[in-house]
Amino acid sequence: MKKLLFACILAGGLLPACDNSMKPRTSNSFEEMNQKNKLAGSALPSLQLVTIKNEAFDLASLKGKKVLVNLWASWCPPCLEEMPSLDRLYATMDTNKATIVLLNVDKDRKKGVEFALKNGIQSPVYFAEESLPSLFDVSGLPTSFIFNEKGELVDRLEGARDYNAPAYHEFFQ
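First residue of the sequence shown: 1, per the numbering used here; consecutive thereafter.
Put into structure tokens, the structure is as follows:
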């Protein structure tokens, strides 16, 4: 009986992390979301990353641009579901003013590389060289963090999204 109860509690806790439905933004603006976001204003952290070509990169070097950091894994169906809309958003960006960082969290980096190459991902794919800062502690994937050009966190999005929504395109223009 205790095992059944534990299994039910565990399954209930994991359901939100496995929600693979694409969720459109329900608020009208990022400013409106800021009022609800306890982490709003957190700074874009310095984090040593490696590109898909194995080149060193510091996340903090993007300060001055609007940045969407998306934590994903090759084994995560909702992550893979939202990837095409992230790529479409990236294709519309002026990369001098905004960018996307697809931060793969697979334990085996090869799986992330293989997925990105096999699926023709155009958005920049990165891997962490060190532990992720506490700002990026997440309870499920995908999770995205949106920073303004000052490097301030303006939104945290948990679960798959359709990044074709007008609010994303307007913000990143």
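Glycine included, C-beta positions come from ideal geometry on N, C-alpha and C. Model, not experiment: these values are computed from the prediction.
Practice task
Throw me the rounded Cβ distance for the K66 and N148 pair, which I believe falls under 8 Å.
Solution key: 6 Å
Exercise for the section: Assess, as a yes-or-no matter, whether the region 46-60 is touched by the region 76-88 under the definition of 3 or more beta carbon pairs within less than 8 Å. Expected result: no
Problem - Range covered by the alpha helix (DSSP H) that runs through Y163 - result: Careful: Y163 lies outside any alpha helix (DSSP H) and carries neither H nor E.
Practice task
Please name the residue, chosen from V101, L86, D58, A128, that lies closest to Y168 on a Cα-to-Cα basis.
Solution key: The candidate whose alpha carbon is nearest that of Y168 is L86.
Handout entry: Local conformation of K150 per DSSP, three classes
Key = coil
Exercise for the section: Classify A160 as buried or exposed, calling it buried when 16 or more other Cβ atoms lie within 10 Å of its own Cβ. Expected result: buried
Practice task
Enumerate, from N- to C-terminal direction, the unbroken beta strand (DSSP E) stretches of 3 or more residues contained entirely within the region 49-92.
Solution key: 56-58, 66-72
Practice task
Going by DSSP, name the residue or residues bridged to D155.
Solution key: Listed as beta-bridge partners of D155 by DSSP are I146.
Exercise for the section: Determine the direct distance from the alpha carbon of L71 to that of G140, and round the result to whole angstroms. Expected result: 9 Å
Problem - Euclidean distance between Cα positions of F145 and A128 - result: 16 Å
Exercise for the section: Take the Cβ of L117 as the centre, count every other Cβ of all protein chains shown within 10 Å, and call the residue buried at 16 or more, exposed below. Expected result: So L117 ends up on the exposed side.
Exercise for the section: Assuming Y126 and V101 form a contact by the criterion Cβ under 8 Å, report the distance between their Cβ atoms to the nearest whole angstrom. Expected result: 6 Å
Practice task
Tell me whether F127 sits in a helix, a strand or coil according to DSSP, three-state version.
Solution key: strand
Exercise for the section: Use the C-beta contact count for S61: other C-beta atoms within 10 angstroms, 16 or more gives buried, fewer gives exposed. Expected result: exposed
Handout entry: Nearest-angstrom beta carbon gap, K63 and G151 [assumed within contact, 8 Å]
Key = 4 Å
Handout entry: Where V138 falls: helix, strand or coil (DSSP)
Key = Shown here, V138 sits in coil according to DSSP, grouped into three states, outside any helix or strand.
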